[in-house]
Every structure is written in structure tokens, then in C-alpha cells.
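Some notes on the structure that comes next.
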Amino acid sequence: MKTKRRRKLTAAMGAGAMLLTQFAAPLAWAKPSNDDNTKTPIKHVMLIIGENRTFDNVFGTYVPPSGQTVRNLLSEGIVNPDGSPGPNAGVALQYQATDTSTYEISPAKTTPYSTLPTPNVGGPTTPFFNSVSAAEAVEPALPLNDYYMLTIGGTGLTSGPDTRFLTDGPLPNDPFDITNFISYDAYAGSPVHRFFQMWQETDCDASKATAQNLSGCQSDLFPWVETTVATGSNGNPEPAGFTGEGSIAMGFYNNLQGDVPYFTHLAQQYALSDNYHQAIMGGTGANHIAIGYGATIYFANSDGTPGVPPANQIENPNPQSGTNNFYTQDGYSGGSYVNCADSTQPGVAPIMDYLNSLSYKPFNNGDCAPNAYYIVNNYNPAYLGTGENTYADGSTGPFTIPPTQQQNLGLLLSAHDVSWSYYGEGWAGGTETGEDSTYCNICNPFLYSQQIMTNPSLRANLKGIQSLYSDIQNGTLPAVSIVKPDGFLDGHPASSKFELFESFCHKIIDMVQSNPRLWKDTAIVITVDEGGGYYDSGYIQPVDFFGDGTRIPMLVVSPYSEGGRVVHNYYDHVSFAKFVEANWGLPTIADNSRDNLPDPVATKADPYVPTNGPAIGDLMQMFTFGKNKN
Numbered sequence: 001m002k003t004k005r006r007r008k009l010t011a012a013m014g015a016g017a018m019l020l021t022q023f024a025a026p027l028a029w030a031k032p033s034n035d036d037n038t039k040t041p042i043k044h045v046m047l048i049i050g051e052n053r054t055f056d057n058v059f060g061t062y063v064p065p066s067g068q069t070v071r072n073l074l075s076e077g078i079v080n081p082d083g084s085p086g087p088n089a090g091v092a093l094q095y096q097a098t099d100t101s102t103y104e105i106s107p108a109k110t111t112p113y114s115t116l117p118t119p120n121v122g123g124p125t126t127p128f129f130n131s132v133s134a135a136e137a138v139e140p141a142l143p144l145n146d147y148y149m150l151t152i153g154g155t156g157l158t159s160g161p162d163t164r165f166l167t168d169g170p171l172p173n174d175p176f177d178i179t180n181f182i183s184y185d186a187y188a189g190s191p192v193h194r195f196f197q198m199w200q201e202t203d204c205d206a207s208k209a210t211a212q213n214l215s216g217c218q219s220d221l222f223p224w225v226e227t228t229v230a231t232g233s234n235g236n237p238e239p240a241g242f243t244g245e246g247s248i249a250m251g252f253y254n255n256l257q258g259d260v261p262y263f264t265h266l267a268q269q270y271a272l273s274d275n276y277h278q279a280i281m282g283g284t285g286a287n288h289i290a291i292g293y294g295a296t297i298y299f300a301n302s303d304g305t306p307g308v309p310p311a312n313q314i315e316n317p318n319p320q321s322g323t324n325n326f327y328t329q330d331g332y333s334g335g336s337y338v339n340c341a342d343s344t345q346p347g348v349a350p351i352m353d354y355l356n357s358l359s360y361k362p363f364n365n366g367d368c369a370p371n372a373y374y375i376v377n378n379y380n381p382a383y384l385g386t387g388e389n390t391y392a393d394g395s396t397g398p399f400t401i402p403p404t405q406q407q408n409l410g411l412l413l414s415a416h417d418v419s420w421s422y423y424g425e426g427w428a429g430g431t432e433t434g435e436d437s438t439y440c441n442i443c444n445p446f447l448y449s450q451q452i453m454t455n456p457s458l459r460a461n462l463k464g465i466q467s468l469y470s471d472i473q474n475g476t477l478p479a480v481s482i483v484k485p486d487g488f489l490d491g492h493p494a495s496s497k498f499e500l501f502e503s504f505c506h507k508i509i510d511m512v513q514s515n516p517r518l519w520k521d522t523a524i525v526i527t528v529d530e531g532g533g534y535y536d537s538g539y540i541q542p543v544d545f546f547g548d549g550t551r552i553p554m555l556v557v558s559p560y561s562e563g564g565r566v567v568h569n570y571y572d573h574v575s576f577a578k579f580v581e582a583n584w585g586l587p588t589i590a591d592n593s594r595d596n597l598p599d600p601v602a603t604k605a606d607p608y609v610p611t612n613g614p615a616i617g618d619l620m621q622m623f624t625f626g627k628n629k630n
């Protein structure tokens, strides 16, 4: 079952039409567009966001073109080309631990697992659609030849251990090739991917820091966190016989065996980053908010100042009495706010103590404001597409974020006359074909914004997937666009498959490339919101209290990113805002947003670790603008 909260949205109201006559006065508010006032040849940038995969989960055995290097499971010797354990498999050894009194991000480890816990089953027993025609009637966003993917891959299981992974006996304590057990077409379970859980999974300890790993993050507690707390308590006692989600977090797909075929092809032809990171430890909502705001947002009073959420909405990761790491208050109908300025709040001191022990000073230019409770996981946004405030009327329940007045990328672009749109598949009321109930409301950062959602002209920037298709075909694509698939196609484990996200992107890329006038100055950035709790072997740079988290895949498809290069500069989600600002000559979103961070400086010996941390790049290194393009 997908762990994100979803609900149907009604359509955004467009701005009213205005009839002009020869007697009409000039429109005083009309301004010339700045879309073409760019520092590079890129006039259109599109960000496509899938779901919940680390870099190693997707590109763990990727081999780049000659002359390029990559850091992944294969290159590090953690696995062999056939997916079996490699000579350095011990680097990824996973441990058991003990945390029975106060939350720790690096709890006392006991012994390594002798064998990994069996993954629990996840995904539909039978596919969501029983025929291609049924899928086509609902889902508009696949190439015609790919609809069969929605009709195959059911688990054949209802609950409990996923016996498909036990055909060769228990899993050894190593990353494992998922398609040694099930096909790339099959649905599989979803690891835990919440805020305090991710801090624990990555097991960051400054005393373990080295020149190659300044953060000391060891990434060796993934199965332990999955089996001790998983997706949260919602404030309830630990259930009898609780086993969490097993060890699906240690699974990866094998590019050398034909997995991830389309993205592997794109990586060979365009530019791939092997050092791009989720911005926030945790899940979908907070990371999409970071894309829109350059930071997370806090619980706000009606005047926009920080307020105090209900007690049962405040995170408390301290273990319940008599349990090993089963949190006191956490979950999708439980705690998701943290007051990180108050070290007496549960879970705050262990993270801040760790950050303060690093060899560099973490970013704290306004984050963790006094008395502010920041959202770190998933709650509903305040607004429907019509601008209705559901926090005020209570129609979406108590676990809804009140409207925020914090600055965001959409407001920045509008203030500087740069056109933009957020295209979310399933946006109801447009020309979608029935899948609006799978619209990801928590993925749209602008649904949280009071300034945008109460202004019809700004709200008109929020659209559906059919609007994207028509804008591509008609040459009316805005300068900046963010694109989100629906729940069937976003690649989220259990509720989707990664091949479906590949196909969603394939259709869009083909459409852009079929319009030569658009393709010649367009960059399509493809990534996912967060690692989904999967293991990754890459470096993690702690930027502030909220993250960064694990590496995630990121590709740039553009006439200016050709060549199959692998780029090692350090990036996270806020790098997209930094690119937009650099390309269109804009200021940062806000004084406290991460786009104020410097570009990273690294050594040739280790290009992955910024020596001036915390630092994040602006994606410019993904391009080769000196190359003549006609």
C-alpha cells in the first residue's frame, strides 16, 4: 500500500478572460516577459519528479561510456556484474542495534545480521488493470505500446513475507539483485522512508569521519530500522509480533542484466549525476516542499507567524517503554512536526549534537527559527485546486498543514516575469481521463501557499498533464515547468513500478524532441523525490537539521548535455532553484533558503565531497554550453 496521503482535487480556476477594444486603455499591469533573458542557451527547463529510489537502486551496476567514471555498487566492488556479492561487499554490511530509552541517530550496534530479514510483500496481488483497454480508459500518460505494463506484475501474495525472495533460501547480508528473484515488470515492497528513520538508517557519527567521508555516515542500519519501527506508530503501542518491512531496502536493479533500460539509454546519451541528493531526510511531502521553497515550511498561524501544532502532530521518536526503537509519536496520522530550535524537544538534541561535532559548520541561516515547528513528513496541503482552504473548514481532517506565507519559487518567478507551470497528472476538472483520485496533492508545493492559492491568476499556473502535452505540441511551454506523474506511473515501490516512470518520461521526451524549435533550447531534468529508504553507497553531506539525505538518480536530457557524461559535483533538490536563478538572473527565494549556499569546491582526488561544505551546485556542470548547437 502506498504510504502517501492522496485525495481528489478539483480544478484550478483560470483567470477571467478580458475583451479588449480599440477604446480600451493600455493594461497598466502588463509587463514584458523575461523568458528569453537567460545567461545560457536554455530557454525552457522542465523538472520531472518520480518517486522513492536511490542512485544505487537504479544505477547500481551502470557502466558509463569510455573515459567516464561512476561511483556505484559495481565500481566500489560491493557487487559483481551479475549482481552477486563483490570483493568489497563488507562495505555494505548491515547491523542490528539497541535503542531502548532515548532516540539516537547512531545507536549502539550489536552484531551484523547473519542473513537479512525477509522482505515483506508489497504491491497489488493482481495488477491494477485487467486489460490494456481498461488501462487506456483511465491513464493518459504512457506511450501506446507500454500500456501492457499496467496489466502485469502482480505479486500473487496478500501479506506477510515475500516468499518470492526465498527461492534460494535466506538472503545473505549484502545488497541483492531484485531481478534475481522477480522480474523488472513485477511490483515489490516499499522500505520505510520517514525523517527520523532515515537519520537512523544512515547512522551518521562524526567520530567515524574520514577524508573521503567527512560526515561519518555509515549507512549500515537499513534493515534494523525497517524491522523495529518502519512507517511509524501513529501514537499507538507496538503491535504484537511486529516485523516491519523486512530488508527490501537492500535491493537494487541490474543495468547489466537489462533492468532500467530507458534511463540507462539516456545516461549513455546525455548527462547523469552520481552525486545528487534528496534535500530532506524523510519522505515525499517534505522533499517536494524543499523543491518549491528551498527549505521546509513550518506550522503557521493565520498571520503567517510560527504557531504550535496539536500535541499528537509533534514527532517523538523516543522509544516506547519496553521496545527497541518503536517510536512514541510518529506516523501518517501521528507526529510530523519538529521544533528543531529547542534541544529539549524529542529527537532534536541527538541530531544537533552530531551536526555541531562536524568539521564544518552546518547551514543555519534562518532554519530552525525559534518556536517554529517544521513539517518533516507528509500531511495534506491546506488548499484544493479551487483555492478552497480545507484547513479552515476541516474537510480534509486534522492532519492538514495550515496555509503558509513563506516565499517560494513560483512567487519568485512571477515577481520577475518568468513564466512557469506545475503540471500534475490527475489534476481534476481538465481534460484528464478519470485518474484524478491518484493526483499527488502532497507533491504540489504550491498547494501549501496562501499567496498562490488565493490569487486566481497565480493559481492558473497549476495544470494537468494534458495541458503539458498541448503546451509542448503548440510551442507554448513556459520557461520553467515542474511535472509530476500520478500514483500509477510515479515509480513508487508497491503502488507503482519504476518501468512505468521510465515510460512516463519517454512519452514527454519524445514529444519535446518532435518539436525541433522547442527541443533546441530545452533541458529536461529527471529525478525522484527521495531515496525511498533504499540503501545507497554514496557520500551524504549534512547541510542542516533536515538533511541532506541519500543520493538519488538525476539525468539531464538536452542538446547541451549530450555525450554520456557522469557529473560528480554535489547537488540536491535546491540545485534546481539555483539553476533557475542563475539562468534567469534572479535573486534567491528567501534569506534562509538553501539556494543561498555556495557552489561546492572539491579536490580532483575526490570530486564528490565539498571542501567548503555545506555547499550545493547549480547544475551548470551538467551542460556543455561551449558546444555549437544548430
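For the sequence shown, the numbering used here begins at 1 and goes up steadily by one. Beta carbons: idealized from backbone N, C-alpha and C, even for Gly. Remember, it's a predicted structure, so these values are computed and weren't measured experimentally.
Under 7 Å: does the beta carbon of residue i sit that close to some heavy atom of the ligand SAM?
i   : result
T54 : Looking for the ligand SAM in the displayed structure turns up nothing, as the structure carries no ligands at all.
Can the beta-carbon of residue i be found less than 8 Å from the beta-carbon of residue j?
i    : j    : result
I105 : Q200 : yes
N287 : I280 : yes
Q320 : Y337 : no
N408 : G292 : yes
A97  : Y535 : no
A135 : I465 : no
G154 : Y187 : yes
D162 : T118 : yes
P370 : E425 : no
N52  : H193 : yes
E562 : Q269 : yes
F576 : V525 : yes
L73  : F196 : no
P32  : D521 : no
V229 : Y360 : no
K507 : M149 : no
S357 : A349 : no
A267 : Y62  : yes
N37  : W584 : yes
Count the other C-beta atoms from every protein chain shown that fall within 10 angstroms of the C-beta of residue i, then say buried if there are 16 or more, exposed otherwise.
i    : result
R517 : exposed
V376 : buried
N474 : exposed
A17  : Confidence in A17 is poor, its pLDDT being 30 and thus under 50, which makes the residue's placement too unreliable to answer from.
N57  : buried
G244 : buried
R6   : The predicted position of R6 is uncertain, since its pLDDT is 37 and thus under 50; a value taken from the coordinates is nonetheless stated next. Buried.
T404 : buried
In the DSSP assignment, the alpha helix (DSSP H) including residue i goes from what residue to what residue?
i    : result
H506 : 498–513
T527 : Segment 522–528 is the beta strand (DSSP E) holding T527; no alpha helix (DSSP H) there.
I589 : First-last for I589: undefined, no H or E at that position.
W420 : Where W420 is concerned, there is no enclosing alpha helix (DSSP H), although the beta strand (DSSP E) it sits in stretches over 420–424.
P223 : 222–228
P456 : 456–459
A415 : 409–415
N316 : Careful: N316 lies outside any alpha helix (DSSP H), inside the beta strand (DSSP E) at 316–319.
S451 : It is Gln, not Ser, that sits at residue 451 in the sequence shown. Element bounds for Q451: 450–453.
Return the residue from the list the options that minimises the CA-CA distance to residue i.
i    : options                : result
I49  : Y422, A615, Q407       : Y422
M620 : P143, E245, E581, F59  : E581
R551 : D36, G67, P170, C217   : C217
S247 : P237, P239, Y276, L221 : L221
Q68  : F55, S457, D274        : D274
S467 : V480, F498, W427       : W427
S481 : S449, F579, I152       : F579
G331 : G232, T400, A295, F242 : G232
P310 : G304, A89, F299, N318  : F299
For the beta strand (DSSP E) holding residue i, just list the boundary residues, first then last.
i    : result
Q269 : Not the beta strand (DSSP E): Q269 falls in the alpha helix (DSSP H), residues 261–269.
A582 : It is not in any beta strand (DSSP E) - A582 instead sits in the alpha helix (DSSP H) that spans 574–584.
Y95  : 95–98
R565 : 565–567
S481 : 480–484
T111 : 108–112
L447 : Note, L447: premise wrong, no beta strand (DSSP E); not H, not E.
Could you give the C-beta distance for residue i and residue j, rounded to a whole number, given that I count them as a contact under 8 Å?
i    : j    : result
Q94  : N213 : 17 Å between Cβ atoms; not a contact.
A494 : G122 : 4 Å
Q541 : S215 : 6 Å
V543 : P614 : 4 Å
V70  : V566 : 5 Å
Please confirm whether residue i has its beta-carbon closer than 8 Å to some beta-carbon of chain B.
i    : result
V418 : No chain B is part of this structure, which consists of one protein chain only.
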